[in-house]
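Undergrad: Line order of the protein sequences matches chains A and B. Position 91 of the first sequence, counting from 1, maps to 300 under the numbering used here, and the rest follow consecutively. Position 17 of the second sequence, counting from 1, maps to 770 under the numbering used here, and the rest follow consecutively. Glycine included, C-beta positions come from ideal geometry on N, C-alpha and C. All of these numbers come straight from a predicted model, not from anything done at the bench. The following block contains the structure, expressed as C-alpha cells.
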Amino acid sequence: MASRTPAVACIGIIGKLNNPLHISIFPTISASETDPLEFSFLLSTSLDIFEARLASGQKTDSSDFGLLQAIDENLAMYGWLTNTSVKIVIVIDMLGHTPAASPLTSETSAQRDPRSTLAAATGLRDADLKPAFRALQNAYIGLLRNPFYDPDHHSPVTAKAERRVGSTQISSKAFIREVKRIGDAWYPGVGSL
Amino acid sequence: MGYNIGMRLIEDFLAKSSTGACSNFREVADMISKVGFKIFLNVTPTVTNWSSDNKQFSLIFEENPLADFVELPDDGKAQDELWYSNIFCGVLRGCLEMVQMQVEVHFVSDILRGNDTTEMRVTLVRYIDDEMPPDDD
C-alpha cells in the first residue's frame, strides 16, 4: 500500500449548546462502510470528554484539547474549543483515505512516504492537528462575518421558541466547501491549510 | 439608497483630494475609480466599455470590500433580486449630482450572484446648470 498516511475521517463542528452545527465525513479505509449516524454518535461521546476536562480544570492555556480518545486501533478523536464554546472535533483514520477517494497522485504519495511511516511508527503528535483546527476556526470566523449568517438561527433554543421544524445545521455552501477542502488537504506535518 | 451619503461624501472627497473640476466625462470616470474609490475603499475598479458618445461607462470591481465574506442566502429570491452592493449606486449618484452631473447608475452583474464579474454601469443623463432656487413668494 502506497498511501498509509493518516487522514481525516470526519470533521464535526458543535455549537455552544452541544448542538451539531456541521458534520463532514470523508471516506477512509477503516471508516468507508461506517454509517453517518455512527459518526454522529462518536461526536456525541466526545462532548462528555470536553465537559469532564473543563470541570476538572485540566484545561491547558490554549484551546487545544489534543487527543480526546482513541476509538479503536485506527480511529482517534482530537478536539478544539473556541472562546465562544464552539467545539471542533476531528476524527483521524491512521490508515488513510480509500485509494479511490484519495486526491493524491502516486507521485506525491511516494514523496510523503517517509513521513507517513514515521507517523505510523510514532503516532500523531497533537501539534500535527493544529493547522487543521486553526483553518477550521478561521472558516467558522469567516462564516460569522457573513451578514446573512445568523448564529441564533442555528441555535436549538430559538428553533424551539419559534417552533421551527427541520435542521439547525449550517447550510452555507462556502463554509461546507472550505471544511471539505481542509479535510482533504490535511496530512501529518502539514504547515498551514 | 446611499444618495444622501453621496451628497455629504463629496465634500469629504473634495477636501481630501483637493482636485479641480474635470473637463470631460472620461476624466470624471478616472477620478471616480482612481481617486474616489481609492480614498474610501482602497480599491481601484477598472473603467471600461465606453459607449461611442462617451456618456456611458462600466466600472469592473476586481475586489469589493463591502462584499468580503458575504454569501447570499439560498432562498431563491436573493440570488435573483438583491444587488448587495447597490448602495454604491446611490453614493455615486449623490456625489455627482453635487458637482452638476445627473447620472443613472446600476449594477449589471455581481460575483455574489454567480456572475463572472462585478460590473456597474454609469450613464450621464445631463449636466445640471446652476439654477437659482425658486423664489419663496
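1) With a cut-off of 7 Å, does the C-beta of Ser381 of chain A fall near any C-beta of chain B?
2) Residues of the segment 809-827 of chain B in Cβ contact with chain A at a cutoff of 8 Å, in chain order, please.
3) Is Asn355 of chain A close to chain E? Criterion is C-beta to C-beta, closer than 7 Å.
4) Which partner residues of Thr377 of chain A appear in the DSSP bridge assignment?
5) Express the C-alpha separation of Leu353 of chain A and Gly305 of chain A in angstroms, rounding to a whole number.
6) Taking the alpha carbon of Glu872 of chain B as the reference point, which residue from B:Phe860, B:Val878 and B:Asp765 has its own alpha carbon closest?
7) At least one CB of chain B closer than 7 Å to the CB of Gly375 of chain A: is that the case?
8) For Gly392 of chain A, tell me which candidate among A:Ile297, A:Ser249 and A:Gln378 has the shortest Cα-Cα distance.
9) Less than 7 Å between CB atoms is the rule here; does Gly221 of chain A satisfy it with respect to chain B?
10) Would you say Gly398 of chain A faces chain B, with C-beta separation under 7 Å as the test?
11) Could you name each continuous beta strand (DSSP E) segment of 3 residues or more that falls completely within the segment 342-392 of chain A, going from the start of the chain to the end?
12) Compare the C-beta of Gly351 of chain A against all C-beta atoms of chain B and say whether one is closer than 7 Å.
13) Thinking C-beta only, is Gln855 of chain B closer than 7 Å to Val878 of chain B?
14) When the distance is taken between beta carbons, is Met760 of chain B closer than 7 Å to Gly893 of chain B?
15) For the segment 343-353 of chain A against the segment 806-816 of chain B, are there 3 or more C-beta pairs whose distance is under 8 Å?
16) Tell me the residue span of the beta strand (DSSP E) that contains Leu263 of chain A.
17) Please classify Pro356 of chain A: is it buried, with 16 or more other beta-carbons within 10 angstroms of its beta-carbon, or exposed?
18) Kindly indicate which residue of A:Arg386, A:Pro397 and A:Ala383 has the alpha-carbon position closest to the one of Asp337 of chain A.
19) Would you grab the beta carbon distance between Asp302 of chain A and Ala216 of chain A for me? Rounded to a whole angstrom, and I think it's under 8 Å.
20) Note down, one range per segment and in chain order, each beta strand (DSSP E) of at least 3 residues found wholly within the segment 793-848 of chain B.
21) How long is the line joining the alpha carbons of Leu767 of chain B and Asp359 of chain A, rounded to whole angstroms?
TA: Working from what's here:
1) yes
2) Asp821, Phe822, Val823, Glu824, Leu825, Pro826 and Asp827
3) No chain E appears in the structure shown, which is made up of the protein chains A and B.
4) According to DSSP, which records beta bridges pairwise, Thr377 of chain A is partnered with nothing at all.
5) 31 Å
6) B:Phe860
7) no
8) A:Ile297
9) no
10) For Gly398 of chain A, the closest Cβ of chain B is not nearer than 7 Å.
11) none
12) yes
13) yes
14) Because residue 893 of chain B is not part of the residues shown, which for chain B are 754 to 890, the question remains open.
15) no
16) First-last for Leu263 of chain A: Pro245 to Ala264, but that is the alpha helix (DSSP H), not the beta strand (DSSP E).
17) exposed
18) With distances taken between Cα atoms, Asp337 of chain A lies closest to A:Pro397.
19) 6 Å
20) 799-801 and 809-814
21) 39 Å
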